[in-house]
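Visitor:
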Amino acid sequence: MKTSWKKSLGVLLVFMLLLSMSACGSKEAGPLPAEEKVPKINFWITSQTYDPVRYEIGLLAAEKWRELGFDVETTTMEWSTMSSQGMKSHEHEVFMIQWGGKAERIDPMQWLYTMHHSAEAGEGGYNIAGYLNPAYDELVEQFVTTMDMDKRKELAAQAQEILAKDVPQPPVVHRILTHAYNSRDFSNPTFAMGEGLNSFWNWMSLTPNGDRKTVKYGYINDIKLLNPLMTKDGADIYILKMIYDPLVRIDPDGIPQPWAAESYSEIDSTTIEVKLRKGMVFHDDKPVTAEDVKYTFDLAKEVKSPYYLSKIDKLQEVQIIDDQTLRFVLSEPYAPFISNGLGTMGILPKHIWEPRFKEGGADAVLNWDNIPPVGSGPFKFEYWRPNEELKLSSFTKHFSPPKIDGMIRIPYAKAYGVVQGLKAGEIDAAGWSLLPLEQQELKDASQLTIGTAYDQGYYMLHYNMRKAPFDDVNIRRALTYAIPKLQIVNLVFEGQAIPAYSTVAEVNKFWHNPNIEKVGDDMEKAKEILVEAGFRWDDNGAIYFPEDYQVKKFSD
Amino acid sequence: MSRDNILLKIDDLKLYYHTTAGYVRAVDGVSLNVAVGERLGLVGESGCGKTTLMKAILRLLPANCRQMGGEMYYKGKAISSLSEKEIKKMRWQEISMIPQSAMNALDPVYRIGAQIKEAMKTHQKGISSKEIQERAANIFELVGINPKRLRDYPHQFSGGMKQRAAIAMALVLDPNLIIADEPTTALDVIVQAQILERINALQQRYSGSLIMITHDISVIAQTCEKVAVMYAGKIMEYGKVRDVLNNPLHPYTLGLKNAFPSLLGEKKSLISIPGSPPDLIKPQPGCLFAPRCPFAIAVCQTEDPPAKEEDGRIVACHRLAEMEGLKVLAEDETIWERKVHAGD
Amino acid sequence: MKSLSKYIAKRLLQMVITLFVLSTLIFLLFRLVPGDPVSMYLDAGMSAEAKEMLMKQFGLDKPLWEQYVIFISNLLKGEFGISFQYGKQALAVIGDSFWNTLILMAVSLFIAFTIGIVGGAILAWKRGTRLELAGIIGVLTIRCAPVFWLGMILLSFFAFRYQLLPLGGMNTPGTNFETVYAKYFNLDFLKHLILPAITAGLSAAATPLLVMRTSMLEVIKEDFIELTKAKGLSDREILFKHALRNALLPVVTVFAVQAGLAIGGVVLVETVFRWPGMGRGIVLAVAARDYPVAQAAFFLIGAMTIMFNLIADILYAFLDPRVSLD
Amino acid sequence: MKFSTKLFGFIKKDTAGAIGICIFIFFVIVALFAPLISPYDPGAMHFDETGALMRIHPPSFQHLFGTTWMGRDVFSQVVMGTRIALFVGILSAVCVVFIGTNIGLIAGYYGGRIDNIIMRIVDIIYGIPFLPFALILVAVMGPGISNIIIAIILITWRNTARVIRAQVLTIKQRAYVEAARISGASNFRIMYKHIAPNVIPLSLVYIALSMGTGIMTEASLSFLGYGAPEVPSWGKILFECYNSQAMFIAWWWMIPPGIAITLLVLSGFLVGRSYEEVANPRLRER
């Protein structure tokens, strides 16, 4: 009996030891000077539970980098920690973000200027990589202030070319959105770039085939807040776009079109004149006036609306010329104002917001759930039971009324809920991109048709050029060439994605530059770059800096 | 004693417990009669089978206890032949009991009144609730408790009151036979005396029979007319209380009498019987008391002593004839201990 | 009855203290760790200034003690602050989900204790039989199985394979309810309730069942049960009126503990069955770093636990006259 | 000899306890030899002859429990998951019981104000809903085995402390403790030399019972998406399965980890319960 007791204690100890041993890896030093060894790369990946896609991509890329001789450690992190330490404080070495392909990003201002200009490199800025290239800065400054479209297109092409060579933060893949809808009862959907069926234009074009005219629409998450000045959530903004009319809407091809404005024109490089459409009314039957438009922009500036602040900070003032005419005066020439400012800001009814603001100030306006939201858009708010459903009905007094009677948005919390809802006919469409397995599950549901839309957003790797070895362009290029983009497409996305090479997506035909260097999927090339730059390897295959190493920050 | 006068007749009853180790012979060939209105005391050490015997009368024995022989007759009817329905009807209506320890015998979650009334409601269907209340109140007054306290819960009663409540409960249906199973054991001496007094007083009014089970021979002396001395599942001696206590004819009775302070006035030091009751699974041959008996002779070790009846007295001892002489010897307390040493 | 109200007052005071400590704990937990709510929303295209604006809006720019003072003074007013995500009072965000959870909890506890009490009594009655053995093995297995796994199995079996019941949620989408009554009292709601309630109920049934069984075994050995039998009562009366009633007492004690555990189970069950309750709410709020909502939900769940404890205590006093509540 | 008889003697008496010990030893062996038993790296993706990823393939000889959506071997994952489960279960149980026993000893031995304060704290902790608290704690401190264990410890020491305190209160009354006190032994000495040995058997019961709590908590947190990110735990396997459409199709992905959790928790429960009867006869039949 005694021996068995001792034995089991021993077994337990050995077991603990083994467990702790398995946690540490083995390290061996090569003959080359240790201080010249390329430092370990700490790759932050999201947990598999938060985003399996980023987790899998991370593992696949790290595997290839190890093949090149880099010492890569993958650290799994909570997204909130990663975003605050990486996106905000820029303390990362390399990590990945999924950038959404919203309509207002079709004009590549965000991709080319905000994410790569030196002005955004400070804490909290969007130049996460810390890409400080004076030549590039100059190029994109021109891009932002030039109003001439052809000139802008040319500048954008040049910027894309530089970024593709320097790879401060390479895009990896674009998803292909796969959305399903009930083609038996409804027809004429719009699968818009980056948004699929979630697009505003889909709700305008969708046409009932028979008597059932209200579309039941499935989604994973619920909306959260319908206050246009405060919301930060993409799902909320999709709904707000339906309830509120902006002056200009970005059409499915990314071109700004007059909407609540009858027309707009540039008076000079800093002044835009807008003619308001006649006869528009809010959902409470009060007319939409120039006063409302001016008040909307003034209020957004006054209360520092988080979502709009960056879009309208170049707006100096809004002048009312007459009942139907307004002038927007900018502090400096700023080309994206039409699509990002006029194109996103929904007109708010002054008679609702002004009393609220006067009474409680900015707090009363921002800390407000704005239920029911009253706009002038083609859809009218009916009711919202959080986590259960939201109903909008069509606004028949709108100048361009939708063909359907309305929509009910149902959050299913889980993908399987959406899929089973589609299958059972509980919902008519879903803005949730279906995985191949889920599509297979739906193959017997004959009423469904599946359509696709390319995402102009992407999964993007962010190196940190503030830290070695990412300050070296050869390292960045080699690492990027090693990323198995095609394999990622096949394994992680089951083919429902395409490799991304340019910061402006291929699907964004107007702005995309097809003649850039396509970095990726080439281990040979990756090795070649390192060898040419003089990098060395020890017997174990670990990589070392060249002798008399000089950092080369950018390509020539 | 005429035959029709007999209320309960026990005839060579054998009750064995079935256990994994074998049969435990808790009651082994007991014969007893209880006449109408008679008060019988059943005395013996704990574990001698007296409680088993009494439970058998109400058919309350656990499933592993089997009747291996003999029979009990209530009003001439074999109890084992009664149907489930008949036995349920008989319980409490005909035969009730005062439980061993009233502390645990009352359901703690119901009012005492409700528990008393429950007996009436079960057996006397169609009786008005007003009458039930009246009778419960009467019976409480009878046992000396304020009827207002019918509304109390058991935990609000003292030990003596609980016992009295239990007595009241046993009396409430005016049964023909009451079995009192050690009604005073759990109580302190003063309360014991009160309870016994109460039982005696009640006997003036109550005409039914009583079986008083106890290990305390003095209790029998106070309350009973007849007494049966039981040892290891057998009756050792039976007779009128006065006869048996004044003139015991069995060595065990002698020992038992020595073990309790005399209530009959003789001042003596107490002598308890050394040793312990025998193993009932594999009883030795001969008299079961022989190993502890200071007067045991050779025949006692081999032959079961026959029960001899004389003048309504029954004694089971081989040395009955020599008893007068042995009694004198038994006065000496050392004789009991010597036996134990010898037995070792 | 006077002592009862005094007792409840005393317990309520204890509850207030516990909840106070609880909320302080949660307040600190959320603020002393890396990651802030604002950075969760960075992708929306906000400028640095806008982010600061948000921090100010949420009151996160103030020093910790000041945030705490605000938090406590809000708490005294019954407020948990404005939700970071929903732009309204945290309690208003939780709103209906509180009732959804309460209904699920109550029904599953009812199922658990019905199964526990009846099953425990039966197993005690059938002592030593094969039924008892099978019952105990089954109950122990369910007790040790993860409740979410049980839910997954039931879901894929009854809802997916045989399509007898809905695949989660609380109401079939697309129905607008005129009244609160209409929302909860209809067949559709009941159908949605069955699987989650049974999952949570089954999983919580083991402990009361085992306790009931042992308690029952003890009670039927008691003297008063024998006396009841001697009184000529039928087996049914003995079992249900006397034995069950007495054996219930320890089970009621278990109820208090079980209610606390069941809330944990409900978090998981709500997640599996997509039940729009507080449990799922707290998971979502925590993931989004929506402190006020997470705090409010946690607070309410804590209060619910303590309330169930209180109910168990009162129930116990009601069932057992020996207990006086002071 | 005596101690081990005391420790393992119950096996002879109690079939349920023996079954529990057998299950536990089985899992310990699996954990020890996990790398040898598991045929593949649990993170490796598998491809068929045509080079296509083997997504949710049913069980076969190559893959005993089939494969996951990402073509990973479920059997290997379950085998490797045994280590995490045992590690979390044993470590958290030992810590919980160590802390709980000491607090219970102190509260019970010193009594008075110290006892009062400790028991108030215990009352408050009983008011904390366990899983939501663990969820918040792990979410804010970041997912990871150590944080999960910390969350378990912070809450569950209350059970052990309460039981041990009650036990100490009765032991304190015994004559030899009084004798030790009179002979001038220090408090520390009385507590650990004279009282502690008497409560250790009860502590061991709680180690067995706490192991189940630990394993279940880890699995639950993993299922809610807060599991330790880099290790293949049973809860995480279930989380992945649940979050993909495969839950309804790939039973081989869903059933084995659940059975593993159930069995291991059951073994702790059985051992604890039957050992309890040996350690604390008063609790028998309870």
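These protein sequence lines are chains F, G, U and Z, in that order. Following this note's numbering, the numbering of the first sequence begins with 9 at its first residue and continues without gaps. Following this note's numbering, the numbering of the second sequence begins with 722 at its first residue and continues without gaps. Following this note's numbering, the numbering of the third sequence begins with 7 at its first residue and continues without gaps. Following this note's numbering, the numbering of the fourth sequence begins with 2 at its first residue and continues without gaps. All C-beta atoms in this analysis are idealised placements derived from N, C-alpha and C, irrespective of residue type, glycine included.
Compare the C-beta of F:G33 with all C-beta atoms of chain Z and state if any pair is closer than 8 Å.
Guide: Only weak support is given to the placement of F:G33: the predicted model assigns it a pLDDT of 40, under 50, and the value that follows is read from those uncertain coordinates. F:G33 does not count as touching chain Z.
Visitor: Note down the Cα distance separating F:G385 from F:Y252, rounded to an integer number of angstroms.
Guide: Approximately 4 Å between the Cα atoms of the pair.
Visitor: According to a CB-to-CB cut-off of less than 7 Å, which residues of the stretch 115-134 of chain U neighbour chain G?
Guide: none
Visitor: May I ask you to list, following chain order, the residues of the stretch 209-228 of chain U that have a beta carbon less than 8 Å from some beta carbon of chain G?
Guide: E228
Visitor: Going along the chain, which residues of its own chain have a beta-carbon closer than 6 Å to the beta-carbon of F:R192, five neighbours each way excluded?
Guide: Q455
Visitor: Using CA atoms only, rank isn't needed, just tell me which of F:E162, F:K560, F:P344 and F:T488 is closest to F:A111.
Guide: F:P344
Visitor: Could you tell me whether the Cβ atoms of F:I506 and F:V497 are closer together than 8 Å?
Guide: With a cutoff of 8 Å on beta-carbon distance, F:I506 and F:V497 are scored as near each other.
Visitor: Determine whether the Cβ of Z:S93 lies closer than 8 Å to any Cβ atom of chain U.
Guide: No, no contact with chain U.
Visitor: Please state whether DSSP places F:E299 in a helix, a strand or coil.
Guide: Residue state, collapsed to three classes: helix.
Visitor: Are the CB atoms of G:L779 and G:I837 within a distance shorter than 8 Å?
Guide: no
Visitor: So which residues of chain U does G:Q915 contact, with C-beta pairs closer than 7 Å?
Guide: In chain order: nothing, as chain U lies at least about 22 Å away.
Visitor: Using CA atoms only, rank isn't needed, just tell me which of U:P179, U:L250, U:T178 and U:G207 is closest to U:I148.
Guide: Taking only the C-alpha atoms, the option nearest U:I148 is U:G207.
Visitor: Below 8 Å, can you find three or more Cβ-Cβ pairs linking the stretch 403-417 of chain F to the stretch 378-395 of chain F?
Guide: yes
Visitor: Between the Cα of F:T304 and the Cα atoms of F:P236, F:D293, F:Y272 and F:L248, which residue gives the shortest distance?
Guide: Nearest C-alpha to F:T304: F:P236.
Visitor: On the CB-based measure, 16 or more other CB atoms within 10 Å of its CB, does U:V186 come out buried or exposed?
Guide: exposed
Visitor: Spatial neighbours of F:S12 within its chain, please: CB distance less than 7 Å, with the 5 preceding and 5 following residues excluded, ordered by chain position.
Guide: At F:S12 the pLDDT is 48, less than 50, meaning the model places this residue with poor confidence; the figure from the coordinates comes in the next sentence. Same-chain partners within the cutoff: there are none.
Visitor: Between G:S997 and G:L728, is the Cβ-Cβ spacing less than 8 Å?
Guide: No. Outside cutoff.
Visitor: Give me, in chain order, the residues of the same chain whose beta-carbon lies closer than 7 Å to that of F:Q495; leave out the 5 immediate sequence neighbours on both sides.
Guide: L68
Visitor: Taking only beta carbons into account, state which residues of the stretch 62-86 of chain Z come closer than 7 Å to chain F, listed in chain order.
Guide: W70, M71 and R84
Visitor: I'd like to confirm the pairing. Which residues does DSSP put opposite G:M951 in its beta bridges?
Guide: G:I956
Visitor: U:N252 CB to nearest chain G CB: under 8 Å?
Guide: yes
Visitor: Listing by chain order, which chain B residues have their CB less than 9 Å from the CB of G:Y874?
Guide: Judged by its chain identifiers, the structure shown contains no chain B, and its protein chains are F, G, U and Z.
Visitor: Would you list, in chain order, the members of the stretch 446-459 of chain F that have their beta-carbon closer than 7 Å to a beta-carbon of chain Z?
Guide: Here the close residues are E446 and E449.
Visitor: With a threshold of 8 Å, are at least 3 pairs of Cβ atoms found where one atom belongs to the stretch 162-173 of chain Z and the other to the stretch 68-82 of chain F?
Guide: no
Visitor: I need the boundaries of the beta strand (DSSP E) containing F:F336, first residue and last residue.
Guide: T333 to L338
Visitor: Leaving out five residues before and five after F:T84 in sequence, what residues of the same chain have Cβ atoms less than 6 Å from its Cβ?
Guide: I53 and S55
Visitor: Quick one: which residues of the stretch 44-58 of chain F get their C-beta closer than 9 Å to a C-beta of chain Z? List them in chain order.
Guide: I53, T54, S55, Q56, T57 and Y58
Visitor: For the stretch 222-239 of chain F, which residues have a beta carbon sitting closer than 7 Å to at least one beta carbon of chain U?
Guide: K224, K232, L233, N235 and M238
Visitor: Under the three-state reduction of DSSP, which class applies to Z:F27: helix, strand or coil?
Guide: helix
Visitor: In terms of residues, what are the limits of the beta strand (DSSP E) holding G:L736?
Guide: I727 to T740
Visitor: Using DSSP's beta-bridge definition, name the partner residues of G:L898.
Guide: Answer is G:I816 and G:S930.
Visitor: By the 7 Å beta-carbon criterion, what residues does the stretch 220-231 of chain Z contribute toward chain F?
Guide: G226, G228, P230 and E231
Visitor: Identify, in the order they occur along the chain, each residue of the same chain with its Cβ nearer than 7 Å to the Cβ of G:P820, setting aside the five sequence neighbours on each side.
Guide: A826, A887 and D902
Visitor: Quick check on the DSSP output: what are the complete beta strand (DSSP E) runs of length 3 or more inside the stretch 494-553 of chain F, in order along the chain?
Guide: 505-507
Visitor: Roughly how many angstroms separate the alpha carbons of F:G414 and Z:G215, rounded to a whole number?
Guide: 50 Å
Visitor: Looking only at its chain, what residues have a beta carbon closer than 6 Å to the beta carbon of G:P1026, apart from the 5 residues adjacent to it on each side?
Guide: C1008, A1037, C1038 and H1039
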